[in-house]
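Novice: Sharing a structure here in structure tokens format.
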Amino acid sequence: MKVLVVGARGMLGMELVEAFGPHHDVAGLDLPDLDITDEASCLELVRAAAPDLVVNAAAFTLVDECENRPEDAFRVNGYGAGHLARAAAAAGALLVHYSTDYVFSGRAARAYVEEDAPDPESVYGRSKLLGETLVRKHAPEHLVLRISWLFGPHGKNFIRTILGAARRGEALRVVDDQTGSPTYARDAAALTVTLVRSGCRGVYHATNGGSCSWYELARRSLEWAGITGVSLAPVPTSAFPRPAPRPANSTLDNARLRREGFTPLRPWQEAAREYIENYLNQ
Ligand SMILES: NC(=O)c1ccc[n+]([C@@H]2O[C@H](COP(=O)([O-])OP(=O)(O)OC[C@H]3O[C@@H](n4cnc5c(N)ncnc54)[C@H](OP(=O)(O)O)[C@@H]3O)[C@@H](O)[C@H]2O)c1
Numbered sequence: 061m062k063v064l065v066v067g068a069r070g071m072l073g074m075e076l077v078e079a080f081g082p083h084h085d086v087a088g089l090d091l092p093d094l095d096i097t098d099e100a101s102c103l104e105l106v107r108a109a110a111p112d113l114v115v116n117a118a119a120f121t122l123v124d125e126c127e128n129r130p131e132d133a134f135r136v137n138g139y140g141a142g143h144l145a146r147a148a149a150a151a152g153a154l155l156v157h158y159s160t161d162y163v164f165s166g167r168a169a170r171a172y173v174e175e176d177a178p179d180p181e182s183v184y185g186r187s188k189l190l191g192e193t194l195v196r197k198h199a200p201e202h203l204v205l206r207i208s209w210l211f212g213p214h215g216k217n218f219i220r221t222i223l224g225a226a227r228r229g230e231a232l233r234v235v236d237d238q239t240g241s242p243t244y245a246r247d248a249a250a251l252t253v254t255l256v257r258s259g260c261r262g263v264y265h266a267t268n269g270g271s272c273s274w275y276e277l278a279r280r281s282l283e284w285a286g287i288t289g290v291s292l293a294p295v296p297t298s299a300f301p302r303p304a305p306r307p308a309n310s311t312l313d314n315a316r317l318r319r320e321g322f323t324p325l326r327p328w329q330e331a332a333r334e335y336i337e338n339y340l341n342q
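Add 60 to the 1-based position in the sequence shown for my numbering, that's all there is to it.
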């Protein structure tokens, strides 16, 4: 199978190239070679690559920056995804696309299942929801995986930031009233391969198991990194005013995976601990 990964130099994109690598003919594209906001380029480069599968990991992921630059957010996360959907469909390829827990407001008292109606409140969440809609509209053969609180060896993420600050001896204040499901990019990439091989279509929630607050994630990360004697305090979201509203509870229930008999991704604790031990322990 020929696979084209778009956004191949991002946190998830790098893992996808590796995960598909051993058993597939994989090519990767990213800025500046392919800008997904340019529809003609999408059509031309996808046609030239002639893939069986296009995997779109490209996105404008700076949630607060999206609030300041809504046009760019919608151009990349919304219309850009639509361009790739058209290009994949024209090439007769399946499109795998990634979305986010931020398509939900976070007001629910339980974890969100795939059938829940999205109600995003941030520009990022609304732009990602437009991406989902356009993927559904333009790519009859599509698989959308909603993931959340991503971490991995490549690029910036919350765990790396917290451990860096702790090692510099900074006192840490971390929000304790936002709950979600941390997801290891490596696990999400491996699951993608499984779902593609199994012929899955439509929307799936695809996070590591369980949920926690950012404070809990920071506390356990320090523990697994063996860092002691650092001041870590739980604080409410209101202590850190940010441009983009954050969902209070954006835990995703991987209900469809369970229902269809797939082994759910391991608990977030196991994944985060392995990540820290392999990549962040000095
Ligand atoms: N990170 C998270 O916590 C999180 C949570 C939930 C869902 N997701 C979703 O998971 C997917 C992967 O996220 P990630 O964290 O791996 O993202 P990332 O590390 O920010 O990588 C995104 C990649 O896309 C590229 N890109 C940006 N604009 C582009 C454009 N116009 N054309 C082509 N490429 C472009 C970026 O290039 P530059 O770096 O040069 O801009 C980067 O290489 C995204 O769909 C994201 O919305 C992420």
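Glycine included, C-beta positions come from ideal geometry on N, C-alpha and C.
Everything numeric in this text was worked out from a predicted model, so none of it was measured.
DSSP state of CYS272, grouped into three classes?
Specialist: strand
Novice: Hey, which unbroken runs of the alpha helix (DSSP H) at 4 residues or more fall wholly within the segment 66-113?
Specialist: Segments of the alpha helix (DSSP H) lying fully in the segment 66-113: 71-80, 99-109.
Novice: Who does VAL235 pair with in a DSSP beta bridge?
Specialist: VAL295
Novice: Starting from ARG206, trace the beta strand (DSSP E) both ways and give me its first and last residue.
Specialist: 202-207
Novice: Consult DSSP for PRO130 and reduce its assignment to one of helix, strand or coil.
Specialist: helix
Novice: Kindly indicate the opening and closing residues of the beta strand (DSSP E) around THR160.
Specialist: 154-160
Novice: Does the segment 137-149 come into contact with the segment 271-285, if we say contact requires no fewer than three beta-carbon pairs (one atom in each stretch) closer than 8 Å?
Specialist: no
Novice: With 16 other CB atoms within 10 Å as the buried threshold, where does LYS188 fall?
Specialist: buried
Novice: If contacts are defined as beta-carbon pairs under 8 Å, then ASP85 and VAL173 qualify, I think. What distance do you get, rounded to the angstrom?
Specialist: Contact doesn't hold; Cβ gap of about 35 Å is too wide.
Novice: Under three-state DSSP, which class holds HIS198?
Specialist: helix
Novice: Answer yes or no: the CB of ARG69 versus the heavy atoms of ligand 1, is any distance below 6 Å?
Specialist: Yes - ligand 1 has a heavy atom lying nearer than 6 Å to the Cβ of ARG69.
Novice: What is the rounded straight-line gap between the Cα of SER323 and the Cα of SER101?
Specialist: Here residue 323 is Thr; the residue named in the question, Ser, does not match the sequence. One C-alpha to the other measures close to 38 Å.
Novice: Nearest CA to the CA of VAL65: which residue from VAL123, GLU181, ALA148?
Specialist: ALA148
Novice: Return the residue from the list LEU94, ALA153, ASP247 that minimises the CA-CA distance to ASP112.
Specialist: ALA153
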